[in-house]
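Before any comments, here is the structure.
There are 2 protein chains.
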Amino acid sequence: MKLLLEYDGTNYHGWQRQKNSRTIQEVLEEAISAITGEKIRVTGAGRTDAGVHAAGQVANFKTNTRIPVEKLPYAINSRLPDDIAVKGAWVAPEGFHARISAKAKVYSYTIYNAPFPSPLLRNYAYFFPLPLDVDAMKEAANHFVGAHDFSAFMATGSPVKSPVRQVNRLEIDRRQDLLIIEIEANGFLYNMVRIIAGTLVEVGLHKIEPGEVASIIRSGDRERAGKTLPPQGLCLLRVIY
Amino acid sequence: MKLLLEYDGTNYHGWQRQKNSRTIQEVLEEAISAITGEKIRVTGAGRTDAGVHAAGQVANFKTNTRIPVEKLPYAINSRLPDDIAVKGAWVAPEGFHARISAKAKVYSYTIYNAPFPSPLLRNYAYFFPLPLDVDAMKEAANHFVGAHDFSAFMATGSPVKSPVRQVNRLEIDRRQDLLIIEIEANGFLYNMVRIIAGTLVEVGLHKIEPGEVASIIRSGDRERAGKTLPPQGLCLLRVIY
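Note that the protein sequences, when read in sequence, are chains W and X.
Add 1435 to the 1-based position in the first sequence for the working numbering, that's all there is to it.
Add 1435 to the 1-based position in the second sequence for the working numbering, that's all there is to it.
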């Protein structure tokens, strides 16, 4: 079974099941287990961190339930808290794996760029009050596109088989006080989007020149990239299969 | 002194000070009192209810503080929880009263109109899953514009000197799954926007014909208007002086 999910990550310790912490995966598994009467384990496309949101997470699980697939979202939602919702359910193709089968994922990182903080956006955007040169940020963004070793944009000490990822698209869009960074890639290293966003902010402040980004990528040096921005600006928008 | 305010009303019992309940007015007064060392009383332009938000509430208060007016937002914000923020401060004109001096106020009511609920919008929009005829709603909206006795669109038993209000503008805008109702009037009766929004939903369902709205207004009969929609969809957008 394949599920489309939206959640507000504010009150969770991320997607992945942990001891002694409430996670999306655990709450979802309990809800599905309760309605099917089976012991359910779900696999998510992206392991979002604490405070990170999803508008289009995808998960899969095995079940023998007789609940018709079109009724499943309503049934599961009736057991979920209101900060997690199933937005669609489908019978998954044979061998489908939410993460491994994914061709690409799209994340957004939202910056609230205005003089004073926004209470209404406090959990959904990173507040940054200094003026940003968006044109410079857009120029820098182009350097990320393509297949690169993104070691410089990975939390240090993360275990990873290969640090090479293919970025298909990186767009920056200013909508009044919001700066929305949207990035599509075939996969993401740990904290990759938050470090890329932090690096783009440095470019917007002219602390890093747009052309310097190519050399930071080549260096593989985490120290040369920008800060890891906080989780609340990050949202898993959709997964492409 | 005149303040521009934004707040997330989710965790408050509305604007107005109450015994035994946390309100925006009280929290704001405590913050300003703490930084000025005076006993501060603020007056708000709109008395938003529990769960109602403001992107542009205006408040005024008297002070002898020596804190420069341009530093005041930062000083007050340093004492406010992150669901309330001052977004601007000005020396108010002589005799300024945030509510009485207001020429008009603008509210939005947001409906999330999609098959499944949205966790990310659960505190900021009213979830309504059935299809709505937006063209019919737009036609009905025109009947509200103008000076009318809005008794049919007021919570029963509200004390009021005159139930006549002038609606300058009522617009309905569909943006993907969101339906945004924006209404500007010289003043609002108690629950007026939430009852107008509830009536427009009935029109969208063809339970009330667009042309019937004029007769509901004339009747002054609260029973004939729609339901009072829940508070989380409502937001005080701005106050016009």
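Glycine included, each C-beta is placed from N, C-alpha and C at the ideal position.
Could you pull out every residue in the same chain whose Cβ sits closer than 8 Å to the Cβ of residue 1580/W, ignoring the five residues on either side in sequence?
On the first sequence, residue 1580/W is found 145 positions in, with the first residue counted as 1. So the list reads 1602, 1603, 1604 and 1605, once near-sequence residues are dropped.
Cβ closer than 9 Å: which chain X residues qualify as neighbours of residue 1512/W?
In the first sequence, the residue the question calls residue 1512/W occupies position 77. In chain order: 1551 and 1552.
Residue 1569/W and residue 1639/W look like a contact to me (Cβ under 8 Å); what is the Cβ gap, rounded to whole Å?
One-based indexing of the first sequence puts residue 1569/W at position 134. One-based indexing of the first sequence puts residue 1639/W at position 204. With a Cβ gap of about 7 Å, residue 1569/W and residue 1639/W count as contacting.
Classification of residue 1593/W by the beta-carbon crowding that lies within 10 angstroms, buried from 16 upward
Counting from 1 along the first sequence, the entry for residue 1593/W is found at position 158. With fewer than 16 other Cβ atoms from the protein chains shown falling within 10 Å of its own Cβ, residue 1593/W counts as exposed.
Host beta strand (DSSP E) of residue 1543/X (start-end):
By one-based count along the second sequence, residue 1543/X stands at place 108. It spans 1539 to 1547 - the beta strand (DSSP E) in which residue 1543/X sits, taken as one unbroken run.
Nearest candidate by alpha-carbon position, reference residue 1464/W, set 1474/W, 1455/W and 1521/W:
Reading the first sequence from its first residue, position 29 is the one you call residue 1464/W. For residue 1464/W, the nearest C-alpha among the options comes from 1474/W.
Examine chain X for any beta-carbon lying closer than 9 Å to the beta-carbon of residue 1490/W, and answer yes or no.
The residue you call residue 1490/W lines up with position 55 of the first sequence. By this cut-off, residue 1490/W is an interface position.
Neighbourhood of residue 1461/X by C-beta distance below 6 Å, restricted to the same chain and skipping five residues each side
For this step, residue 1461/X is matched to residue 26 along the second sequence. Around residue 1461/X: 1452.
Helix, strand or coil: how does DSSP classify residue 1641/X here?
Taking the second sequence and counting its residues from 1, one reaches residue 1641/X at position 206. Coil.
Exposure of residue 1577/W, with buried meaning 16 or more beta-carbon neighbours within 10 Å
Position 142 of the first sequence holds residue 1577/W. It counts as exposed.
Which same chain residues end up closer than 6 Å to residue 1588/W when comparing Cβ atoms and leaving out the 5 residues on each side of it in sequence?
Numbered from 1 along the first sequence, position 153 holds the residue referred to as residue 1588/W. Shown here for residue 1588/W: same chain residues with a beta carbon closer than 6 Å to its own, the five before and five after excluded, namely 1627, 1630, 1631 and 1660 in chain order.
Could you name the residues of the same chain whose beta carbon sits closer than 8 Å to that of residue 1633/X, not counting the 5 residues immediately before and after it, in chain order?
Within the second sequence, the letter at position 198 stands for residue 1633/X. Taken in chain order, the residues that qualify are 1660, 1661, 1662, 1663 and 1664.
Taking the C-alpha atoms as reference points, what is the distance between residue 1618/W and residue 1648/X?
Position 183 of the first sequence, counted from the start, is the residue given in the question as residue 1618/W. Position 213 of the second sequence, counted from the start, is the residue given in the question as residue 1648/X. If I take the Cα positions, the gap works out to 47 Å.
Helix, strand or coil for residue 1706/W per DSSP?
In the structure as shown, chain W starts at 1436 and stops at 1676, and residue 1706/W therefore has no counterpart that could be examined.
Restricting to runs no shorter than 4 residues, where is the alpha helix (DSSP H) found entirely within the region 1506 to 1534 of chain X?
Correct list: 1507 to 1512.
Distance cutoff 9 Å, beta carbons only. Does residue 1441/X sit that close to anything in chain W?
Along the second sequence, one-based indexing puts residue 1441/X at 6. It does: the Cβ of residue 1441/X has a partner Cβ on chain W nearer than 9 Å.
If you measure beta-carbon to beta-carbon, which residues of the region 1517 to 1534 of chain X are closer than 8 Å to chain W?
Result list: 1517, 1518, 1519, 1520, 1521, 1522 and 1523.
Could you check what DSSP says for residue 1496/X in three-state terms: helix, strand or coil?
Here the question's residue 1496/X lines up with position 61 in the second sequence. Residue state, collapsed to three classes: coil.
List the endpoints of the continuous beta strand (DSSP E) containing residue 1582/X.
Counted from its first residue, the second sequence places residue 1582/X at position 147. Note, residue 1582/X: beta strand (DSSP E), 1581 to 1584.
Which of the three DSSP states, helix, strand or coil, is assigned to residue 1590/W?
What you label residue 1590/W is simply residue 155 of the first sequence in a count that begins at 1. Of the three classes helix, strand and coil, the one that applies to residue 1590/W here is coil, per DSSP.
So, for residue 1543/X: in the same chain, excluding its five sequence neighbours on each side, which residues have a beta-carbon less than 7 Å away from its beta-carbon?
Here residue 1543/X refers to the residue found at position 108 when the second sequence is read from its first residue. Cβ neighbours of residue 1543/X beyond the five flanking positions: 1615, 1616, 1617, 1670 and 1672.
Decide yes or no for the touch test of the region 1439 to 1452 of chain X against the region 1474 to 1483 of chain X: beta carbon pairs closer than 8 Å, at least 3 of them.
Yes, the region 1439 to 1452 of chain X touches the region 1474 to 1483 of chain X.
For chain X, is any of its Cβ atoms less than 9 Å away from the one on residue 1640/W?
As a working mapping, residue 1640/W is identified with position 205 in the first sequence. False, the Cβ-Cβ gap to chain X never drops below 9 Å.
Within 9 Å, strictly: CB atoms of residue 1539/X and residue 1675/X
Here the question's residue 1539/X lines up with position 104 in the second sequence. Here the question's residue 1675/X lines up with position 240 in the second sequence. Yes; because the gap between Cβ atoms is below 9 Å, this pair is in contact.
Compute the distance between the beta-carbons of residue 1510/X and residue 1535/X, then report whether it is under 9 Å.
Here residue 1510/X is taken as the residue at index 75 of the second sequence, counted from 1. Here residue 1535/X is taken as the residue at index 100 of the second sequence, counted from 1. The answer is no: Cβ separation not under 9 Å.
So the alpha helix (DSSP H) residue 1599/X belongs to, where does it begin and stop?
For the purposes of this step, residue 1599/X is taken as residue 164 along the second sequence, with counting starting at 1. Boundaries for residue 1599/X: no alpha helix (DSSP H) harbours it, while the beta strand (DSSP E) harbouring it runs 1599 to 1610, taken from the DSSP string.
Which of the three DSSP states is assigned to residue 1673/X in this structure?
Sequence index remark: in the second sequence, residue 1673/X carries index 238 (1-based). Correct three-state label for residue 1673/X: strand.
Just the Cα atoms here: how many angstroms apart are residue 1502/X and residue 1438/X?
On the second sequence, residue 1502/X is found 67 positions in, with the first residue counted as 1. On the second sequence, residue 1438/X is found 3 positions in, with the first residue counted as 1. Our two residues, residue 1502/X and residue 1438/X, have alpha carbons roughly 14 Å apart in a direct line.
C-alpha distance - residue 1505/W paired with residue 1552/X, whole-angstrom precision
Residue 1505/W sits at position 70 when you count from the first residue of the first sequence. Residue 1552/X sits at position 117 when you count from the first residue of the second sequence. Whole-angstrom Cα-Cα distance: 16 Å.
Tell me which residues share the same chain as residue 1435/X and place their Cβ nearer than 8 Å to its Cβ, disregarding the 5 neighbours each side in the sequence.
For chain X, the structure presents residues 1436 to 1676; residue 1435/X sits outside this window and is missing.
Name the chain W residues that come within less than 7 Å of residue 1508/X, Cβ to Cβ?
Translated into the one-based positions of the second sequence, residue 1508/X becomes position 73. For residue 1508/X, the C-beta contacts it makes with chain W under 7 Å involve 1551, in order along the chain.
Residue(s) in a DSSP beta bridge with residue 1488/W:
Looking up residue 1488/W in the first sequence gives position 53. BP columns for residue 1488/W point to 1670/W.
6 Å CB neighbourhood of residue 1507/W in its chain, flanking five on each side removed
Here the question's residue 1507/W lines up with position 72 in the first sequence. Sequence-distant Cβ neighbours of residue 1507/W in its own chain, meaning closer than 6 Å and more than five residues away, are 1524.
Starting from the beta carbon of residue 1659/X, find every residue of chain W whose beta carbon is closer than 7 Å, and list them in chain order.
Numbered from 1 along the second sequence, position 224 holds the residue referred to as residue 1659/X. Taking a Cβ-Cβ threshold of 7 Å, none of the residues of chain W is close to residue 1659/X; the smallest such distance is about 32 Å.
If we call anything under 9 Å between Cβ atoms a contact, is residue 1624/X one with residue 1586/X?
As a position in the second sequence, residue 1624/X is number 189, starting the count at 1. As a position in the second sequence, residue 1586/X is number 151, starting the count at 1. Going by C-beta atoms, residue 1624/X is nearer than 9 Å to residue 1586/X.
Could you check whether residue 1514/X and residue 1466/X sit closer than 9 Å to each other, using their CB atoms as the reference points?
Here residue 1466/X corresponds to residue number 31 of the second sequence, with the count starting at 1. Here residue 1514/X corresponds to residue number 79 of the second sequence, with the count starting at 1. For residue 1466/X and residue 1514/X, yes; Cβs fall inside 9 Å.
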